[in-house]
């Protein structure tokens, strides 16, 4: 059973920063593009950022320039550094694993809440 274990959510004021972390098994990490989706109340789940096994990235337009995704191939961990946070970034953030950078995820974490106050 594939497990994606997230941490790092919380409450922050607008303009602040948070870093999300997602850890998984070595096999899952080495065979999947990894990244993050989010879901705001009343809205559909949407892409935030993904990173391929080779390090290529894909970002949502709304977070480009503010968020940075990275992966540590030793720790089997993917990170999402979120800067200049806005109230519109509020939602549940889900770690995701996908067959490739542009495919929909096949694995999901349990989600971590990010709340940005104005």
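In our numbering, the protein residues as written are 911 to 1028.
Virtual Cβ for every residue (Gly too), placed ideally from N, Cα, C.
Please read these numbers as outputs of a predicted model, since none were measured by experiment.
According to DSSP, is residue i part of a helix, a strand, or is it coil?
{"i": "residue 971", "result": "coil"}
{"i": "residue 911", "result": "coil"}
{"i": "residue 938", "result": "helix"}
{"i": "residue 998", "result": "helix"}
{"i": "residue 931", "result": "strand"}
{"i": "residue 1012", "result": "coil"}
{"i": "residue 917", "result": "strand"}
Using the beta-carbon count (16 or more within 10 Å), is residue i buried or exposed?
{"i": "residue 1015", "result": "buried"}
{"i": "residue 943", "result": "buried"}
{"i": "residue 959", "result": "buried"}
{"i": "residue 1001", "result": "buried"}
{"i": "residue 916", "result": "buried"}
{"i": "residue 937", "result": "exposed"}
{"i": "residue 948", "result": "buried"}
{"i": "residue 971", "result": "exposed"}
{"i": "residue 999", "result": "buried"}
{"i": "residue 1093", "result": "With the chain covering 911 to 1028 only, the question about residue 1093 has no answer from this structure."}
{"i": "residue 912", "result": "exposed"}
Is there a C-beta anywhere in chain C that falls below 9 Å from the one on residue i?
{"i": "residue 971", "result": "Looking for chain C here will not work: only one protein chain is present."}
Which two residues bound the contiguous beta strand (DSSP E) that contains residue i?
{"i": "residue 945", "result": "943-949"}
{"i": "residue 1027", "result": "1022-1027"}
{"i": "residue 923", "result": "920-923"}
{"i": "residue 987", "result": "987-992"}
{"i": "residue 958", "result": "956-961"}
{"i": "residue 978", "result": "977-982"}
Short of 7 Å in beta carbon distance, which residues of its chain neighbour residue i, apart from the five on each side in sequence? Order them along the chain.
{"i": "residue 921", "result": "1025, 1027"}
Excluding the 5 residues preceding and the 5 following residue i in the sequence, name in chain order all residues of the same chain whose CB lies nearer than 6 Å to its CB.
{"i": "residue 969", "result": "959"}
Excluding the 5 residues flanking residue i on each side, which residues of the same chain have their C-beta closer than 8 Å to its C-beta?
{"i": "residue 955", "result": "947, 948, 949, 1004"}
{"i": "residue 1010", "result": "943, 962"}
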